[in-house]
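Written below as C-alpha cells is the structure these notes are about.
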Amino acid sequence: MTVTSFTIPPTGLRFENIDKRYGGRYALRRVSFEIEAGECAVLAGRNGSGKTTLLRIAGQIVRPTHGRLSFPGRTAGSDGNSRPGYVGHSTMVYDELTAEENLLLFAKLQKVESPAERAEGLLREVGLFERRTSLVRTFSRGMRQRIAIARALIHRPSVLLLDEPATGLDPLGITWLANSLRELNRAGCTVVMSLHGESEISALATRAVRLDAGNVIADTKTGASLHDILMFGSA
Amino acid sequence: MSLFSNTTVLLSKELRTEFRSRELLTTTVVFILVVLILFSFSISPTTEESREFGPGLLWLAILFAASLMLQPCFLREQSNDTLSSLRLAVSDPFSIFLAKLAANTLFLMVTELIMLPFFAVFYNVPVLPEFSWLTLVLFLGSLGISIAGTALSAISAQARMRELLLPLLLLPLLTPVLVVSATVTVSLFDREPIVKGKGIAFLAVFDVVFLTALWLFGEYLLEE
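Here the protein sequences line up with chains A and S, keeping their order.
For the first sequence, counting from 1, position 147 maps to 212 in the numbering used here; every step adds exactly one.
For the second sequence, counting from 1, position 216 maps to 356 in the numbering used here; every step adds exactly one.
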C-alpha cells in the first residue's frame with residue numbers, strides 16, 4: 066500500500082457559525098468548531114442529524130446559508146491538493162467510462178502531474194488494475210466504492226472527507242480502507258468522516274463530534290469519551 | 141488556459157460517453173426524420189409552398205429534437221452525483237457549461253446534416269446552392285438553442301417537475317432565435333441578401349449575449 070508516496074501540506078478545517086437552511090428547515094444551526102491539521106475526525110449522529118450537509122459544505126459542494134468555512138494552513142491561490150478530496154454516498158464517477166478513463170478524467174481536470182502514471186498507481190492500490198478497462202457500470206458495489214475512493218485521492222488532497230465510506234465494502238475492503246486512511250493520516254492528511262457506530266475505521270479516530278438536529282452536542286478528543294460519542298451520543 | 145484545457149477534457153468525455161451509448165444521437169436523428177417525413181406526407185406541399193413553409197417546419201423539427209437532446213444533459217450527471225465531482229475538480233465551472241454546450245451544438249449539427257438531404261428531397265428545396273450560408277445559419281441557430289438550453293437544463297435538472305419545466309422555459313426563450321432562423325432560411329431560398337445579413341447578425345448577437353450571461357451567472361445554476 067503506497068497511497069501516501071507524496072508530501073501532504075498540513076491543512077485544517079474551521080467552521081464558524083455555519084447555518085444551512087433548506088426552505089424553512091434548518092439542516093445545520095450555528096455549527097462552530099475547528100479540526101486541526103493531521104487530525105482524524107469522526108462525525109457521528111443519527112440519520113438526518115446534519116453529517117452529510119456538514120461534509121458537503123466542507124467539500125465546497127454546498128454553500129452555507131450563513132457562516133464561514135476556512136482551511137487554516139492552506140496555501141492561498143494554490144491548486145491541486147489544496148482542494149479537499151470527497152467521497153460521498155454516490156460514487157461520483159461515470160458508469161459509461163472505464164475505471165481508468167474515470168481516473169484520467171479527474172486527474173487531467175485537476176492538473177495532476179503524469180496523470181496516466183498516477184491513475185495506474187491508484188488502480189493498483191485499490192485493487193482494480195486488472196479491471197481498469199472495464200466500464201464502471203459492470204462493477205460490484207464494493208468495487209464502485211474503491212473507484213470512488215481512488216477518484217477522491219487522485220489529486221493527493223491534504224483534506225479528505227468521507228461520508229460513510231465503508232458502505233458496500235466487504236470485511237477485507239473495510240480493512241483495506243482502514244489501512245489506507247491510517248497511512249494517509251500518518252502522512253499528514255486531515256481526515257473527516259461520518260460513521261455509524263464503532264468499526265475498524267472508527268478506531269482511527271482522534272476526535273469525535275456528535276451532531277443532533279443540526280447542532281453539535283458533543284465534541285471530544287479523549288479515548289473513553291470518544292467511544293461514548295460514537296456509540297451512545299454523549300461524552 | 142485552464143478554462144480551455146478543462147473544456148477540452150470535458151468535451152472529449154461528453155463525446156466518448158455519447159458515442160459509447162449513442163443515446164442522444166439515435167433518438168434525435170430518428171425523431172427529426174419522422175417529423176419531417178410526416179409533415180411532408182400530410183401537407184404534400186408544392187415547390188412554392190415548400191420554400192415558404194419548409195424552413196418553419198425544419199426549425200420546428202430542430203426545436204423538438206433539441207428539447208429531447210437537452211433534457212438528459214444535466215439529468216444524467218445526477219444519477220451518480222458526478223456534477224459534484226466535476227465542480228470539485230474544475231477551477232472554473234464555466235468549463236462544464238462550455239463542454240456541454242459544445243457537445244450539444246455538435247450533436248445538433250450532426251443531426252441537421254443527416255437531415256438536410258431528406259429535407260431537400262421530401263420538400264423539393266435546393267439546399268446545395270446556398271449550402272455554406274445554410275450551414276452558417278444552422279450553426280448559429282443551433283448554438284443559440286444549445287446555450288439557452290444547456291443553461292435551462294441545469295436549472296430544470298434540480299427541479300421537481302423537470303420533464304415539464306425544460307420545454308416550458310425553453311420555448312418562450314427560444315422564440316426569437318427560431319423566428320429569425322426560419323426567416324433567414326426562407327430568405328436563403330428566396331435569395332434576399334438584406335434579410336439574410338440582418339438575420340445572421342441577430343443570431344450572432346443572441347449567441348454572444350446568452351454566452352456572456354452564462355459565463356457571468358452559470359456558477360449559480362450549478363448550486364444545490
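Note that CB positions come from ideal geometry on N, CA and C, so glycine has one too.
Margin query: So within the stretch 118-201 of chain A, which uninterrupted beta strand (DSSP E) runs reach at least 3 residues, ignoring any that extend past its ends?
Written below: Here the runs fully enclosed are 131-135 and 150-152.
Check: Tell me, which residues are paired with S/R388 by DSSP?
Finding: With chain S covering only 141 through 364, there is no way to say anything about residue 388 of chain S.
Next item on the list: Compile a chain-ordered list of the residues in the stretch 174-208 of chain S whose CB is closer than 7 Å to at least one CB of chain A.
Entry: none
Check: Should the stretch 177-187 of chain A be called in touch with the stretch 104-124 of chain A, which here means at least 3 C-beta pairs below 8 Å?
Finding: no
Note to self: Please tell me whether S/N220 has its Cβ less than 8 Å away from any Cβ of chain A.
What the structure shows: yes
Note to self: Let's see if you can read the secondary structure: which residues bound the beta strand (DSSP E) around S/N264?
What the structure shows: S/N264 -> no beta strand (DSSP E), and no H or E assigned at all.
Notebook entry, point to check: Mind pulling the chain S residues with CB within less than 7 Å of A/S156?
Noted result: This sequence places Thr at residue 156 of chain A; Ser is not what is there. Neighbours of A/T156 in chain S, taken as residues whose beta carbon is under 7 Å from its own, are N220 in chain order.
Check: Cα separation between A/G150 and S/A288?
Finding: 32 Å
Next item on the list: Starting from the Cα of A/A270, find the closest Cα among A/L237, A/D277 and A/L227 and give me that residue.
Entry: A/L227
Checklist line | Selection from S/F181, S/L318 and S/A299 that minimises the alpha carbon distance to S/S282 | finding: S/L318
Checklist line | Those residues which DSSP pairs with A/E81 across a bridge | finding: A/R133
Next item on the list: Please find out if some non-hydrogen atom of the ligand PLP comes closer than 7 Å to the beta-carbon of A/L162.
Entry: Absent from the structure shown: the ligand PLP. Ligands present: none.
Next item on the list: Compare the beta carbon distance of A/H131 and A/Q175 with 8 Å and say whether it is the shorter of the two.
Entry: no
Check: So A/V80 and A/V224 are in contact, right, with Cβ under 8 Å, and what is the actual spacing, rounded?
Finding: For the record, residue 80 of chain A in the displayed sequence is Phe; it is not Val. Contact flag wrong, Cβ pair sits at about 13 Å.
Next item on the list: Please report the Cβ distance between S/K336 and S/V320, rounded to the nearest whole angstrom; I am assuming they are in contact, meaning their Cβ atoms lie under 8 Å.
Entry: That pair is no contact at about 11 Å.
Notebook entry, point to check: Between S/L280 and S/S207, which are expected to be in contact by the criterion C-beta below 8 Å, what is the C-beta distance as a whole number of angstroms?
Noted result: Their Cβ separation, rounded to whole angstroms, is 19 Å, which puts S/L280 and S/S207 out of contact at 8 Å.
Next item on the list: Compare the Cα-Cα distances from A/Y91 to each of A/T287, A/G103, A/P129 and A/E99 and report the closest residue.
Entry: A/P129
Next item on the list: Consider the Cβ of A/G124: report whether some Cβ of chain S lies at a distance smaller than 8 Å.
Entry: Cβ-Cβ to chain S under 8 Å: yes for A/G124.
Margin query: With a threshold of 8 Å between beta-carbons, can S/S161 be considered close to chain A, or not?
Written below: yes
Next item on the list: Can you give me the start and stop residues for the beta strand (DSSP E) that A/M258 sits inside?
Entry: T255 to S259
Note to self: Quick check on this structure: which residue in S/L197, S/V169, S/T168 and S/R191 has the alpha carbon closest to the alpha carbon of S/S182?
What the structure shows: S/L197
Checklist line | Supposed contact pair A/Q210 and A/G192 - C-beta distance, whole angstroms, cut 8 Å | finding: At roughly 11 Å, the Cβ-Cβ gap does not stay under 8 Å, so A/G192 and A/Q210 are not in contact.
Checklist line | Alpha-carbon spacing of S/D221 relative to S/W199, whole angstroms | finding: 34 Å
Item checked: chain A contact residues for S/N244, given Cβ-Cβ distances below 8 Å -> At a beta-carbon threshold of 8 Å, none of the residues of chain A lie near S/N244; the nearest stands roughly 17 Å away.
Notebook entry, point to check: So with Cβ pairs under 8 Å, would you call S/S293 a contact of chain A?
Noted result: no
Check: Can you list, in chain order, the residues of its chain whose CB lies under 6 Å from that of A/S114, leaving out five sequence neighbours each side?
Finding: L276 and D277
Notebook entry, point to check: Are the C-beta atoms of S/E154 and some chain A residue less than 8 Å apart?
Noted result: no
Next item on the list: Compare the Cα-Cα distances from A/R95 to each of A/S264, A/D293, A/T287 and A/I282 and report the closest residue.
Entry: A/I282
Margin query: Rounded to whole angstroms, what is the Cα-Cα separation between S/A353 and S/L238?
Written below: 13 Å
Notebook entry, point to check: Which stretch, first to last residue, makes up the beta strand (DSSP E) that contains A/V274?
Noted result: That run of the beta strand (DSSP E) goes R272 to D277.
Check: Between the Cα of A/V199 and the Cα atoms of A/T163, A/A217 and A/R148, which residue gives the shortest distance?
Finding: First, the residue type needs correcting, since residue 199 of chain A is Ser and not Val in the sequence shown. Residue A/T163 is the option with its Cα nearest to A/S199.
Next item on the list: Output yes if chain A places a C-beta closer than 8 Å to the C-beta of S/L238; else output no.
Entry: no
Next item on the list: Could you name the residues of chain S that A/L170 contacts, counting a contact when the two beta carbons are closer than 7 Å?
Entry: V149 and K153
Notebook entry, point to check: Under three-state DSSP, which class holds A/I92?
Noted result: Looking at the sequence shown, residue 92 of chain A is not Ile but Ala. In this structure, A/A92 counts as strand in the three-state DSSP scheme.
Checklist line | Secondary structure of S/V250, DSSP reduced to three states | finding: helix
Check: Within the 8 Å Cβ cut-off, does S/N146 reach chain A?
Finding: yes
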